[in-house]
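A.B. asks: First residue of the sequence shown? That's 9 in the numbering used here, and the numbers climb one at a time after it.
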Amino acid sequence: MRRKLAAGNWKMNGTAAALAEIEALIAAHPAPAADILVCPPATLIHRAAKLAGGSAVAIGGQDCHAEASGAHTGDISAEMLRDAGASHVILGHSERRADHGERDEDVRAKARRAMESGLIAVICVGESLAEREAANTLDIIGGQLSGSVPDMATGENLVIAYEPIWAIGTGRVPTTDQIGEVHGFIRARLERRFGAGVGRSVRLLYGGSVKPGNAAGIFAVPDVDGALVGGASLKAEDFSPIIAALEAA
Ligand code: PGA
9 MRRKLAAGNW KMNGTAAALA EIEALIAAHP APAADILVCP PATLIHRAAK LAGGSAVAIG
69 GQDCHAEASG AHTGDISAEM LRDAGASHVI LGHSERRADH GERDEDVRAK ARRAMESGLI
129 AVICVGESLA EREAANTLDI IGGQLSGSVP DMATGENLVI AYEPIWAIGT GRVPTTDQIG
189 EVHGFIRARL ERRFGAGVGR SVRLLYGGSV KPGNAAGIFA VPDVDGALVG GASLKAEDFS
249 PIIAALEAA
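1) State yes or no: is the C-beta of I176 nearer than 7 Å to some heavy atom of the ligand PGA?
2) Decide if D233 is buried, meaning its Cβ has at least 16 other Cβ atoms within 10 Å, or exposed.
3) For a test of the three-state rule: what should DSSP assign to G207, helix, strand or coil?
4) How long is the line joining the alpha carbons of P172 and G207, rounded to whole angstroms?
5) Could you check if N17 belongs to the surroundings of the ligand MG, using beta carbon to heavy atom distance under 7 Å?
6) In whole angstroms, what is the alpha-carbon distance linking Q152 and Y170?
7) For M20, count the other beta carbons within 10 Å of its own beta carbon; 16 or more makes it buried, fewer makes it exposed. Which is it?
8) Looking at H101 and C132, is the spacing between their C-beta atoms short of 8 Å?
9) Could you check if A240 belongs to the surroundings of the ligand PGA, using beta carbon to heavy atom distance under 7 Å?
10) Tell me whether V232, by its Cβ, gets closer than 7 Å to a heavy atom of the ligand PGA.
11) Given a cut-off of 8 Å on the beta-carbon distance, is the pair V229 and I187 in contact?
12) Check whether the Cβ atoms of L242 and L13 lie closer than 8 Å to each other.
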């Protein structure tokens with residue numbers, strides 16, 4: 009059985025005052041029936057991890073470098089994330105692929121380093137609107153999967169987030185059939201590459217405009233094991249009902 013995962017991606021949002029949201033989540037979910045992850049900006053990881061220590065809320069990063077250390081001004085390594093108290097790292101988010109030119113091979117190298125460092129890699133894949141309209145969605149997702157996921161992936165160190173780019177921050181959500189089609193495809197690809205045991209144990213998250221009002225419908229889709237939530241993860245009062253919907257799914 010795959011344990012469900014509700015993951016929050018704060019992106020470039022949050023200063024010290026926002027730690028109160030993590031405190032509120034911890035208080036609201038003392039023994040959740042799903043895993044909870046918050047990925048704040050790097051400046052808050054250490055404080056967030058201290059706050060969340062011993063609770064059901066895990067803390068993650070939003071990116072890491074592919075090297076352990078070295079002359080890479082401004083970058084953060086997987087080892088540093090671990091040292092700060094992170095257990096997970098989001099990799100290959102479409103905003104990083106777009107803003108920083110990250111290619112599948114970059115994401116794969118980062119994921120390898122993250123896994124070697126003991127982090128769980130949450131690798132993001134997703135098509136643009138033009139790619140969907142050209143009926144290329146599955147080709148794009150298939151290419152991103154084979155390019156971005158390292159061979160050392162297991163059900164313990166890998167989570168995949170399917171995030172259609174056109175659904176991120178837009179309020180537009182695919183139909184449940186569209187989500188189901190892509191998640192089923194990802195599951196089949198993972199089983200083919202890694203074998204049924206590993207392929208069936210990797211958790212698949214949906215991401216893109218998940219809100220309290222649409223979460224239950226999305227979580228009812230087969231092979232949706234949780235969500236990667238952006239905007240609605242910033243406030244505990246929004247994220248908490250999404251977590252509750254996942255626990256009830
Ligand atoms: P959103 O972002 O929930 O604000 O659409 C999701 C994401 O980019 O992970």
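Ideal placement from N, C-alpha and C gives every residue a C-beta, glycine not left out.
C.D. replies: In brief:
1) yes
2) buried
3) helix
4) 21 Å
5) Absence of the ligand MG from the depicted structure is noted, with the ligand PGA being the only ligands included.
6) 11 Å
7) exposed
8) yes
9) yes
10) no
11) yes
12) no
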